[in-house]
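Reviewing the structure listed below.
Residue numbers (this note's numbering): -18 to 90.
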């Protein structure tokens, strides 16, 4: 299990580096990079929780922090698809309501 998580973190990190080094960048590239970064943070958080559990919880503040990043996957995917399908996509303030579950969970931690 740990090997799969570590491989996923390195693969997403490598793809993120390739995307960053791309010469011509579009708005959809930014959102794809955000999705890859969220994958790295989510899988890295799971690995930290497993490591924390195996060590007898020496860092209790890391318990359930991986769930926080999962709440951003849906909005990031929606923004990515919206930027692919709409050539004039701009982030409007009303779109930030998609982030309310993330901020509610962040405050509750």
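Every residue, glycine too, gets a C-beta built ideally from N, C-alpha and C.
Since I believe residue 19 is in contact with residue 53 (beta carbons under 8 Å), could you give me their beta-carbon distance rounded to a whole number of angstroms?
5 Å
For the alpha helix (DSSP H) holding residue 32, just list the boundary residues, first then last.
8 to 35
Buried or exposed, going by whether 16 or more other CB atoms sit within 10 Å of the CB of residue 88?
exposed
What does the alpha-carbon distance come out to for the pair residue 5 and residue 11?
11 Å
Taking only runs that begin and end inside the region 62 to 89, name each unbroken alpha helix (DSSP H) of 4 or more residues, in chain order.
81 to 89
Helix, strand or coil for residue 44 per DSSP?
coil
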